[in-house]
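Visitor: Below is one structure. I have some questions about it.
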Amino acid sequence: MDTSLLSGAEEDSDVRIHWTLLLSVAAMLLSAVPAGAYYFEWIGPYVTGDWTTATNWWNCETQQYGVPGANDTAAIGHGMVQIGIADVDVGSLIIGPQAHVYLIDGYTLTIHGPDPSTLDGWLEFRGVGVGGSAGHQGCRRVSYLHLAQDVTIHGSGGIVGHDCAGTYYARGVITSATLQGGPAELTLSRDDPWDERPSILGYVRIAAPLNNGGIVGVEGNQRDVLTLTTNAKTSTSDGTWRAAGNGTLSVGVAVSGGAEWIAAEDGALEINAACTSLSGGVLLDGASMEVNQNFSTLGEFEADSTNGDVTIEVAPGRTLHCGAG
Amino acid sequence: MRLLEAKRAALVLGCCATLAGAAVYTWTGGGADDDWDTCGNWTPHLTPCYPCDADEDATIPASLGGYDVGLITGEIKDLTVQGDATFGAAGGTYAPTMTGDTITITGGQAGTTVIVTDGATLDTQGC
Chain A
1 MDTSLLSGAE EDSDVRIHWT LLLSVAAMLL SAVPAGAYYF EWIGPYVTGD
51 WTTATNWWNC ETQQYGVPGA NDTAAIGHGM VQIGIADVDV GSLIIGPQAH
101 VYLIDGYTLT IHGPDPSTLD GWLEFRGVGV GGSAGHQGCR RVSYLHLAQD
151 VTIHGSGGIV GHDCAGTYYA RGVITSATLQ GGPAELTLSR DDPWDERPSI
201 LGYVRIAAPL NNGGIVGVEG NQRDVLTLTT NAKTSTSDGT WRAAGNGTLS
251 VGVAVSGGAE WIAAEDGALE INAACTSLSG GVLLDGASME VNQNFSTLGE
301 FEADSTNGDV TIEVAPGRTL HCGAG
Chain H
326 MRLLEAKRAA LVLGCCATLA GAAVYTWTGG GADDDWDTCG NWTPHLTPCY
376 PCDADEDATI PASLGGYDVG LITGEIKDLT VQGDATFGAA GGTYAPTMTG
426 DTITITGGQA GTTVIVTDGA TLDTQGC
C-alpha cells in the first residue's frame with residue numbers, strides 16, 4: 001500500500017476540516033454582527049431593477065450582496081429602482097444624480113430614522129429632472145409615501161409620482177418635506193375613503209412653486225381634509241405655501257380646483273393671499289387663523305372652541321368672508 | 326342649570342317663532358351682562374330684542390378694548406365683526422353654536438382679533 005497516498009488523502013481531509021472550521025467560525029462571527037446600519041449601494045441595472053433582488057445591492061461593509069433593511073442606508077447613484085414586489089422599509093435613502101425610485105401602486109416605501117431632527121434618515125432626490133430623467137418611463141403616481149423623516153429635494157427636483165409637470169403626489173402621511181430647486185407643487189390625494197387621510201404632521205416647504213405659488217392641495221374622490229395635528233408655526237413668503245416649524249399651514253395662493261377643506265385641528269392656519277376656491281370650507285378646531293389678505297370661501301366655516309380657544313386675526317384693511325351670500 | 330338652559334331654549338324658540346323679518350342689530354354691550362339674549366346689549370330696540378332669526382343680521386362694531394359676547398345657540402342671517410371681540414358662552418349655556426349664512430370679519434384700520442372660547446362655536450353652513 002502506498003501510504004504516502006493515504007497520508008496525502010488524510011492531509012487533504014485535514015485541510016478540508018480546517019477550512020470547514022474556519023468557515024464555521026467566520027459564519028459565527030458574521031452572525032454575531034448586529035443586523036442593520038449598513039451602507040448598501042445599488043448595483044442593479046440602469047433600466048428597471050427591483051428593490052427586493054439581493055444581487056442588485058452590495059453591502060459595502062460586509063462585501064456581500066443583500067437587500068438593505070430598516071436600519072440601513074440605501075444609496076442609488078444611478079439606475080431605476082422599482083418597488084413593486086413587496087413593501088420597503090429602509091433607514092435612509094440617497095438617490096443620486098441619475099437615479100430614480102418609483103413605487104408601483106399598492107406598495108409602500110417607508111423611511112425610518114432615529115431622529116427626524118438629524119440628517120439621519122433623509123430622503124434626498126438630487127438632480128432628477130422634473131419631467132423625468134433619461135430612461136424615465138412615464139409618469140407614475142406614488143402609491144404610498146410614508147415619510148418618517150424630512151424629505152429634501154435638491155437641484156431640479158423630482159420625486160416618484162410626479163405628473164411630468166412638477167406636481168408631486170402622495171397618499172398617506174408626510175411628516176415633513178422640502179421641495180426646492182425646480183418648480184414644484186405638492187398634492188396630497190386619497191382615492192378611496194378607507195385610505196388614510198392625507199395629512200402633514202410637520203412642515204412642507206416649497207421653495208420654487210409652480211404658477212406663482214406652490215400649492216398644497218387635496219384631491220380625490222372623497223371629501224378630504226388636509227389635517228394638521230401638531231403644534232404649528234408657519235411663515236410664508238413669495239406667494240408660496242410654506243409651513244415651517246411645528247406645523248402650521250400657510251395658504252399663499254388660491255387653491256387649485258379639487259381642494260375642498262382646510263382644517264387646522266391644532267396649530268394655525270395662515271392666509272396670505274386671496275383664496276376663494278375652498279368649496280368645502282375651513283375648520284378651525286382649537287386652532288388659530290391669521291388672514292393677511294382678503295379671504296373668502298363659499299364653503300362652511302367653523303370656529304369651534306370645544307377643544308381649545310380659536311383666535312382669528314384679520315390684518316388691517318383686510319376682510320375674512322365665509323359662507324354663502 | 327338644565328332648567329335654565331331649557332328656559333333659554335324655550336325663549337329662543339319663542340323669539341324665533343316671532344319672525345320679525347329682516348332686521349339689523351348692532352351690539353352696544355350696554356346690558357347688565359354680556360349675553361347675546363340680553364335686550365340692553367343691542368340697538369335698535371326691536372321685537373324681538375336680539376337677533377335670533379335666519380332673516381336677521383348682527384353687527385359687532387369696533388370699540389376700544391373690544392367686546393365680550395356671550396353666545397347662545399341660534400341661527401341668524403349674517404354676522405359682521407368690525408373690531409376685536411371675544412365670543413364665549415352666555416350664562417347658563419353649554420357649548421353654544423351660533424350659525425349664520427355668512428360670517429365677515431373686517432380688519433379695520435388696526436386689524437381685528439376675534440377669539441372664540443368657552444366651548445362656543447361660530448359656524449356657517451356654506452353652500
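Quick note, the sequences are listed as chains A and H, same order.
For the record, in the first sequence the residue sitting at position 56 is 56 according to my numbering, with numbers rising by one throughout.
Plus 325 on top of the position in the second sequence (first one is 1) and you've got my numbering.
Here a beta-carbon is modelled for each residue, glycine too, at the ideal position from N, C-alpha and C.
#1: Since Pro316 (chain A) and Gln434 (chain H) are thought to touch, with beta carbons under 8 Å apart, how far apart are those beta carbons, to the nearest angstrom?
#2: For the beta strand (DSSP E) containing Ile397 (chain H), name the first residue and the last one.
#3: With respect to the beta strand (DSSP E) encompassing Tyr39 (chain A), which residues constitute its N-terminal and C-terminal limits?
#4: Mind pulling the chain A residues with CB within less than 7 Å of Leu447 (chain H)?
#5: Under three-state DSSP, which class holds Ala54 (chain A)?
#6: The beta strand (DSSP E) that contains Thr297 (chain A), what's its start and end?
#7: Nearest to Pro373 (chain H) by CA position, among H:Thr446, H:Gly417, H:Ala348, H:Gly425, is which residue?
#8: Where Val310 (chain A) and Glu302 (chain A) are concerned, what is the direct C-alpha to C-alpha distance, given to the nearest angstrom?
#9: Is DSSP giving Gly444 (chain H) helix, strand or coil here?
#10: Leaving aside the five residues before and after Glu400 (chain H) along the sequence, list all residues of the same chain whose C-beta is less than 6 Å from its C-beta, in chain order.
#11: Can you tell which of H:Ala445, H:Thr437, H:Leu447, H:Gly444 has its C-alpha closest to the C-alpha of Gly390 (chain H)?
#12: Rank H:Gly355, H:Leu447, H:Asp358, H:Thr418 by C-alpha distance to the C-alpha of Thr405 (chain H) and give the top, closest one.
#13: Tyr419 (chain H): buried (16+ other C-beta within 10 angstroms of its C-beta) or exposed?
#14: According to DSSP, is Gly79 (chain A) helix, strand or coil?
#15: Give the straight-line distance between the Cα atoms of Asp393 (chain H) and Ile430 (chain H), rounded to the nearest whole angstrom.
#16: Pull up the distance between the alpha-carbon of Asp50 (chain A) and that of Trp57 (chain A), whole angstroms please.
#17: What does the alpha-carbon distance come out to for the pair Thr422 (chain H) and Ile385 (chain H)?
#18: Please decide whether Val128 (chain A) counts as near chain H, where near means a Cβ-Cβ distance under 7 Å.
#19: Gly365 (chain H) by DSSP, collapsed to three states: which one?
#20: Does the beta carbon of Gln407 (chain H) come closer than 7 Å to any beta carbon on chain A?
Guide: Judging by the given coordinates:
#1: As a working mapping, residue 316 (chain A) is identified with position 316 in the first sequence. As a working mapping, residue 434 (chain H) is identified with position 109 in the second sequence. Their Cβ separation, rounded to whole angstroms, is 6 Å, which keeps Pro316 (chain A) and Gln434 (chain H) in contact under 8 Å.
#2: On the second sequence, position 72 is the one that residue 397 (chain H) refers to. Going by DSSP, Ile397 (chain H) is part of no beta strand (DSSP E) at all; its letter is neither H nor E.
#3: Numbered from its first residue, the first sequence carries residue 39 (chain A) at position 39. That run of the beta strand (DSSP E) goes 39-42.
#4: Against the second sequence, residue 447 (chain H) aligns to sequence position 122. By Cβ distance, chain A contributes Ala303.
#5: Against the first sequence, residue 54 (chain A) aligns to sequence position 54. Note: Ala54 (chain A) maps to helix in three-state DSSP.
#6: To locate residue 297 (chain A), count along the first sequence from 1; it is residue 297. Taken as a continuous stretch (DSSP letters only), the beta strand (DSSP E) holding Thr297 (chain A) covers 295-297.
#7: Your numbering for residue 373 (chain H) matches position 48 in the second sequence. Between Pro373 (chain H) and the set H:Thr446, H:Gly417, H:Ala348, H:Gly425, the nearest pair of CA atoms involves H:Ala348.
#8: The residue labelled residue 310 (chain A) in the question sits at position 310 within the first sequence. The residue labelled residue 302 (chain A) in the question sits at position 302 within the first sequence. Distance from the CA atom of Val310 (chain A) to the CA atom of Glu302 (chain A), rounded to whole angstroms, is 10 Å.
#9: Here residue 444 (chain H) refers to the residue found at position 119 when the second sequence is read from its first residue. Coil at Gly444 (chain H), not helix or strand.
#10: As a working note, residue 400 (chain H) is residue 75 in the second sequence. Counting only residues of its own chain and dropping the five nearest sequence neighbours on each side, Glu400 (chain H) has a CB closer than 6 Å to the CB of Ala379, Thr424.
#11: Here residue 390 (chain H) corresponds to residue number 65 of the second sequence, with the count starting at 1. The residue with the shortest Cα to Cα distance from Gly390 (chain H) is H:Thr437.
#12: By 1-based counting over the second sequence, the position of residue 405 (chain H) is 80. Closest by alpha carbon: H:Leu447.
#13: Counting from 1 along the second sequence, the entry for residue 419 (chain H) is found at position 94. Tyr419 (chain H) is exposed by the Cβ-count criterion.
#14: One-based indexing of the first sequence puts residue 79 (chain A) at position 79. Gly79 (chain A) falls in the strand class under three-state DSSP.
#15: As a position in the second sequence, residue 393 (chain H) is number 68, starting the count at 1. As a position in the second sequence, residue 430 (chain H) is number 105, starting the count at 1. Those two C-alpha atoms are separated by around 15 Å.
#16: What you label residue 50 (chain A) is simply residue 50 of the first sequence in a count that begins at 1. What you label residue 57 (chain A) is simply residue 57 of the first sequence in a count that begins at 1. Our two residues, Asp50 (chain A) and Trp57 (chain A), have alpha carbons roughly 10 Å apart in a direct line.
#17: As a position in the second sequence, residue 422 (chain H) is number 97, starting the count at 1. As a position in the second sequence, residue 385 (chain H) is number 60, starting the count at 1. Approximately 17 Å, taken between the alpha carbons.
#18: What you label residue 128 (chain A) is simply residue 128 of the first sequence in a count that begins at 1. Residue confidence for Val128 (chain A) is low, a pLDDT of 33 falling below 50, so the modelled location carries little weight; the figure read from the coordinates is stated next. Closer than 7 Å: no.
#19: Indexing the second sequence from 1 puts residue 365 (chain H) at position 40. In the three-state scheme derived from DSSP, where H, G and I count as helix and E and B as strand, Gly365 (chain H) is classed as helix.
#20: Looking up residue 407 (chain H) in the second sequence gives position 82. Closer than 7 Å: no.
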